[in-house]
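In terms of our numbering, the sequence shown is residues 1235 to 1518.
The beta-carbon is built from N, C-alpha and C at its ideal position, and this holds for glycine as well.
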Amino acid sequence: MDYIKQTRIENVAGFCPQNGDYSYERKGRSYLVLDGVALEKGEAPCDLSFRGTHRYVWYSSGRFELYREHVLVKEIGGNTNLLNEQTQYIGTHLLDLATFQTYYNYASPIDARPILSESIPYMLYVEDDVIIAYDNLRKKEIRRIDNSTEVLWSFPFVDLGEDNVCMPGEVDRIVKILGIVGDLLWFKTDFARLIALDITTGKQVYQLSCNPADEEKPQYKIVEGIGRCYLRKEDKAIIGISSSGFQAIDPNTAEVIDRFIFREADPDGIGSYRSVFHPLLQGD
């Protein structure tokens, strides 16, 4: 397949893979390009997302803009953050300067009215009517709550077990919540684990790991490098991309349904992917 370069844009600050919107800077000016229409802005937005019929535009200053096509519908001046793409709500937050604790809530992007009865010191994941709150630093737990912030269940990260090889004495934490498939909430952790919790009870259902520290733990199923993960839209399979290869995992059974591992395909090679910037000697 031959590719033809149509154009080149430098100093890109944000890009939306769903529809090709982007932002960039040129000669000291900032631009937002929506559906091919360039809008000059005071700063270049760094996070763009297309949700439903609207375009979500977020700035590092905390400002949020909502567009329908390329018409501005709503602007919120600050203290916002984009939530996961499974929801059309946006996140809001406020820093308590006395304690340096950040409190989070979420709101409709139309009226910016908070949904939770009070802001809480937990980061949020929202999908349909499910609200997940988690704290990696202080409480070190994940919990499901309702709009009144009542706790429906909680799961402490210490129950995942420690990494006595690379990070002894440390408690695991969430790197990314992948999403909800059926009755399971899937997330990836800092210790290279994939965890599935029952969305109703908060109990562990599946525990996958590529961490050597978990090889002797019977509760963990060892898989190849998990790497960066996401849910594939077509079938909700968990796709893991790492330096050792690629794999797809059925989120309902936790079974590997497809994979390509470099050292298996090329047993005489280096066995892993290297960055294009990584120098490798060739020939004699």
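Continuous beta strand (DSSP E) stretch holding Ala-1247: start and end: Here residue 1247 refers to the residue found at position 13 when the sequence shown is read from its first residue. Per DSSP, Ala-1247 belongs to the beta strand (DSSP E) from 1246-1249.
Residues bridged to Asp-1330 (per DSSP): Counted from its first residue, the sequence shown places residue 1330 at position 96. Answer by DSSP bridge pairing, in chain order: Gln-1335.
Beta-carbon spacing of Glu-1376, Ile-1408 below 9 Å: The residue you call residue 1376 lines up with position 142 of the sequence shown. The residue you call residue 1408 lines up with position 174 of the sequence shown. Sequence inspection shows Ile at residue 1376; the Glu mentioned does not correspond to that position. Yes, these two residues count as a Cβ contact at 9 Å.
Cut-off 6 Å between Cβ atoms - residues of its own chain near Asn-1253, not counting five sequence neighbours on either side: Counting from 1 along the sequence shown, the entry for residue 1253 is found at position 19. If we look at Asn-1253 and ignore the five residues flanking it on each side, its Cβ neighbours are Phe-1284.
Classification of Pro-1485 by the beta-carbon crowding that lies within 10 angstroms, buried from 16 upward: Numbered from its first residue, the sequence shown carries residue 1485 at position 251. Result: buried.
Run of the beta strand (DSSP E) containing Glu-1498, from where it starts to where it stops: As a working note, residue 1498 is residue 264 in the sequence shown. Element bounds for Glu-1498: not the beta strand (DSSP E) but the alpha helix (DSSP H), 1496-1499.
Cβ contact check for the stretch 1439-1456 and the stretch 1406-1426: 3 or more pairs under 8 Å: yes
Boundaries of the beta strand (DSSP E) in which Ser-1388 is found, first to last residue: Within the sequence shown, the letter at position 154 stands for residue 1388. That run of the beta strand (DSSP E) goes 1385-1390.
Identity of the residue in Gln-1453, Ile-1460 and Gly-1416 nearest Met-1469 by Cα: In the sequence shown, residue 1469 corresponds to position 235, counting from 1. In the sequence as presented, Met is not what sits at residue 1469; that position holds Asp. When each option's Cα is compared against that of Asp-1469, the closest is Gly-1416.
Close beta carbons around Arg-1493, own chain, < 6 Å, minus the five adjacent residues each side: Counting from one through the sequence shown, the residue named residue 1493 turns up at place 259. Gln-1481.
Inter-residue Cα distance where the pair is Asp-1518 and Gly-1436: Taking the sequence shown and counting its residues from 1, the one referred to as residue 1518 is at position 284. Taking the sequence shown and counting its residues from 1, the one referred to as residue 1436 is at position 202. Confidence at Asp-1518 is low in this model, with a pLDDT of 46, below 50, so the placement of that residue should be treated as unreliable; the coordinate-derived value is given next. Each residue's alpha carbon lies about 57 Å from the other.
Assigned secondary structure, Ala-1272 (DSSP; H/G/I helix, E/B strand, else coil): To locate residue 1272, count along the sequence shown from 1; it is residue 38. Strand.
Opening and closing residue of the beta strand (DSSP E) in which Leu-1282 lies: Here residue 1282 refers to the residue found at position 48 when the sequence shown is read from its first residue. Per DSSP, Leu-1282 belongs to the beta strand (DSSP E) from 1281-1285.
Backbone secondary structure at Ala-1346 - three-state DSSP: For the purposes of this step, residue 1346 is taken as the residue at position 112 of the sequence shown. Correct three-state label for Ala-1346: coil.
C-alpha distance - Asp-1502 paired with Phe-1496, whole-angstrom precision: In the sequence shown, the residue the question calls residue 1502 occupies position 268. In the sequence shown, the residue the question calls residue 1496 occupies position 262. For Asp-1502 and Phe-1496, the distance between alpha carbons rounds to 10 Å.
CB contact below 9 Å: Tyr-1301 versus chain B: Chain labels in this structure do not include chain B; a single protein chain is all it has.
Touch test, the stretch 1382-1396 against the stretch 1338-1356, Cβ-Cβ under 8 Å, three pairs minimum: yes
As assigned by DSSP and simplified to three states, the class of Pro-1430: As a working mapping, residue 1430 is identified with position 196 in the sequence shown. For the record, residue 1430 in the displayed sequence is Ala; it is not Pro. Residue state, collapsed to three classes: strand.
Which residues DSSP lists as bridging Glu-1309, in chain order: As a first step, residue 1309 must be located in the sequence shown, where it is residue number 75. According to DSSP, which records beta bridges pairwise, Glu-1309 is partnered with Glu-1299.
N- and C-terminal bounds of the beta strand (DSSP E) containing Ala-1482: In the sequence shown, counting from the first residue as 1, residue 1482 sits at position 248. Its beta strand (DSSP E) spans residues 1479-1483.
Tyr-1293 versus Leu-1273: straight-line alpha-carbon distance, rounded: Locating residue 1293 in the sequence shown gives position 59, where the first residue counts as 1. Locating residue 1273 in the sequence shown gives position 39, where the first residue counts as 1. Roughly 15 Å between the two C-alpha positions.
Between the CA atoms of Glu-1309 and Leu-1317 - distance to the nearest angstrom: Sequence index remark: in the sequence shown, residue 1317 carries index 83 (1-based). Sequence index remark: in the sequence shown, residue 1309 carries index 75 (1-based). The alpha-carbon atoms of Leu-1317 and Glu-1309 are separated by roughly 16 Å.
Cβ separation of Thr-1336 and Leu-1329, assumed to be a contact under 8 Å, to the nearest whole Å: Here the question's residue 1336 lines up with position 102 in the sequence shown. Here the question's residue 1329 lines up with position 95 in the sequence shown. Yes, they are in contact, since the Cβ atoms of Thr-1336 and Leu-1329 sit about 5 Å apart, within 8 Å.
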